[in-house]
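Student: Submitted below is the structure of interest, expressed as structure tokens.
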Amino acid sequence: MTKRVIIVGIPGVGKSTVIADVHDQLSERGIDTKMAEFGKIMFDQAKLMSINNRDQLRKLSIEQQKTLQEMTANMINSFGNDVVLIDTHLLISTDNGFYPGMPIKLLNIINPTHLILITATAQEIQSRRENDNSRQRDLFSIDRIERDLRLSESMISTSSIITGCPFYIIQNSTNQIQGATNAICKIILGK
């Protein structure tokens, strides 16, 4: 049975870096592991709609986002690897308010076995965002980041209620990435 592990966190928690390390560690152990970056797969689909910048995705209408999300979830559900690490966000800030990154329909399509929230302090997140030149990051105050962290905890627990699968909260402190990676590998391997 494929383990589908949804790993989430607000921008700046170091989620993608941790997921890459988890992938490498599991692969080194001979486990057939696939990384499924939800936003990248969704962006590949959006290119067909003449979207040429990944950061424009959150500016699309809710209906356009829903269509792209469902296409992406169905693609991820088709992966038959031993472990599929799904890199995504729990919430998306739009001009029309917050939109869930993993609404019930997508959770039902993907049918996750594990839900993992990666977190960090608001100060660490703010510093990481300010120093990230690879993306067009929104820069927010510490208070706003702390609010987004609280929202993420609410969303992960709600996702657990909907799916019936357990959730975990993993701290990714600065210069402690190996601890976060090891904790997630133990969760996935059941050790």
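The numbers in full-length UniProt numbering rise by one with no breaks, and the one at position 162 of the sequence shown is 162.
A virtual CB, placed ideally from N, CA and C, is assigned to each residue, including glycine.
Which term fits Phe-98, buried or exposed, when burial requires 16 or more other beta carbons within 10 angstroms of its beta carbon?
Tutor: Your numbering for residue 98 matches position 98 in the sequence shown. Phe-98 comes out exposed.
Student: Given Ile-162, which residues of its chain have a CB within under 6 Å of its CB, disregarding the five upstream and five downstream residues?
Tutor: For the purposes of this step, residue 162 is identified with residue 162 of the sequence shown, where counting begins at 1. Ile-104, Leu-107, listed in sequence order.
Student: Return the CA-CA distance between Leu-48 and Arg-4, expressed in angstroms with no decimal places.
Tutor: As a working note, residue 48 is residue 48 in the sequence shown. As a working note, residue 4 is residue 4 in the sequence shown. Approximately 27 Å, taken between the alpha carbons.
Student: Would you call the region 28 to 41 in contact with the region 66 to 83, where contact means no fewer than 3 C-beta pairs closer than 8 Å?
Tutor: With the cut-off at 8 Å, the region 28 to 41 and the region 66 to 83 touch.
Student: For Thr-113, which of helix, strand or coil comes out of DSSP?
Tutor: Sequence index remark: in the sequence shown, residue 113 carries index 113 (1-based). Coil.
Student: Between Thr-174 and the rest of its own chain, which residues show a CB-CB distance below 7 Å, the 5 nearest in sequence each way excluded?
Tutor: As a position in the sequence shown, residue 174 is number 174, starting the count at 1. Excluding residues within five positions, the ones whose Cβ falls inside 7 Å are Glu-124.
Student: Could you tell me if Leu-189 is buried or exposed, where buried requires 16 or more neighbouring beta carbons within 10 angstroms of its beta carbon?
Tutor: By 1-based counting over the sequence shown, the position of residue 189 is 189. Exposed, by the Cβ-count rule.
Student: According to the neighbour-count rule (16 or more other Cβ atoms, all chains shown, within 10 Å of its Cβ), is Asn-172 buried or exposed?
Tutor: On the sequence shown, position 172 is the one that residue 172 refers to. Under this definition Asn-172 is a buried residue.
Student: For Lys-15, count neighbouring Cβ atoms within 10 angstroms of its own Cβ and tell me buried if that reaches 16, exposed if not.
Tutor: Numbered from 1 along the sequence shown, position 15 holds the residue referred to as residue 15. Buried, by the Cβ-count rule.
Student: Pick out whichever of Ser-152, Tyr-168, Ile-142 has its Cα sitting closest to the Cα of Ile-92.
Tutor: As a working mapping, residue 92 is identified with position 92 in the sequence shown. With distances taken between Cα atoms, Ile-92 lies closest to Ser-152.
Student: Answer with buried or exposed for Ser-159, where buried requires no fewer than 16 other C-beta atoms within 10 angstroms of its C-beta.
Tutor: Sequence index remark: in the sequence shown, residue 159 carries index 159 (1-based). It counts as buried.
Student: Going straight from the alpha carbon of Asn-77 to that of Asn-53, what length do you get?
Tutor: If you number the sequence shown from 1, residue 77 lands on position 77. If you number the sequence shown from 1, residue 53 lands on position 53. C-alpha separation (whole angstroms): 25 Å.
Student: With respect to the alpha helix (DSSP H) encompassing Lys-186, which residues constitute its N-terminal and C-terminal limits?
Tutor: The residue given as residue 186 occupies position 186 in the sequence shown. First-last of the alpha helix (DSSP H) with Lys-186: 177 to 189.
Student: Candidates Gly-30, Leu-57, Ala-183: which alpha carbon is nearest Phe-43's?
Tutor: Within the sequence shown, residue 43 is the residue found at index 43, counting from 1. Of the listed residues, the one whose Cα sits closest to Phe-43 is Leu-57.
Student: Mind checking which residues open and close the beta strand (DSSP E) that includes Gly-97?
Tutor: Taking the first residue of the sequence shown as position 1, residue 97 is located at position 97. Looking at the DSSP string, the run of the beta strand (DSSP E) that includes Gly-97 is 97 to 100.
Student: Who does Val-8 pair with in a DSSP beta bridge?
Tutor: The sequence position of residue 8 within the sequence shown is 8, counting from 1. Answer is Thr-88, Leu-117, bridged to Val-8.
Student: Given a cut-off of 8 Å, decide if Ala-122 and Glu-146 are closer than it, judged by their beta-carbon atoms.
Tutor: As a working note, residue 146 is residue 146 in the sequence shown. As a working note, residue 122 is residue 122 in the sequence shown. Yes, the Cβ-Cβ distance between Glu-146 and Ala-122 is below 8 Å.
Student: Could you pull the DSSP bridge partners for Glu-70 from this structure?
Tutor: Position 70 of the sequence shown, counting from 1, holds the residue named residue 70. According to DSSP, Glu-70 bridges with nothing at all.
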